[in-house]
Each structure stands twice: as structure tokens, then as C-alpha cells.
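Worksheet for the structure shown next.
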Amino acid sequence: IAAQHSVDEIKDMIGADSLTYLSVEGMHEVFKEFDSKGECDACFTGNYPIEIVDHQLPEVKELKRRGV
15 IAAQHSVDEI KDMIGADSLT YLSVEGMHEV FKEFDSKGEC DACFTGNYPI EIVDHQLPEV
75 KELKRRGV
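Residues in the sequence shown are numbered from 15 upward in steps of one, following my numbering.
Written out as C-alpha cells, the structure is:
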């Protein structure tokens, strides 16, 4: 939903008074509070815990372009 709509649009859609997002750094701080073992943040940072092989790159680029 966030890839296609502004914060204000999403706020209105869900009937919220306000809407904010955590930064990646803020998300990491939350992980620390729960003694996390390092959840994957690749969807937000593009830093994947596994190697992306060459034949996957076009698909990954297309997904990024579409905001998926």
C-alpha cells in the first residue's frame, strides 16, 4: 500500500489521526529491545543476507522499480 499511496492517503484509508514510519535505524533499535538475533531488513535496505545471482538481477530491479 505504501508503494502506491502517500502517507496522508494511507492515513485516511485506515481512519487514523496520524501515521508515521520507523526509520531502518529505529527498526534495529526495536530488534535490540526484544533480544533479536538479527531479523532481515533487506526489503528496506536492499542488503540481502544471501547473494543474488546474476540471472535474478533483472527481476530484483523490476520489483524495486515498482516499489514492491
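The C-beta atom is built at its ideal place from N, Cα and C for all residues, glycine as well.
Computed from a predicted model, the values in this text were never measured in an experiment.
Looking only at PRO72, PHE58, GLY29, the smallest Cα-Cα distance to SER37 is reached by PHE58. ILE28 sits in a helix when the DSSP states are folded into three classes. Per DSSP, the unbroken alpha helix (DSSP H) holding GLU73 starts and ends at 71–80. VAL44 and VAL21 have their C-alpha atoms some 22 Å from each other.
Distance between ALA30 and ILE24, taken at the CA atoms: about 8 Å.
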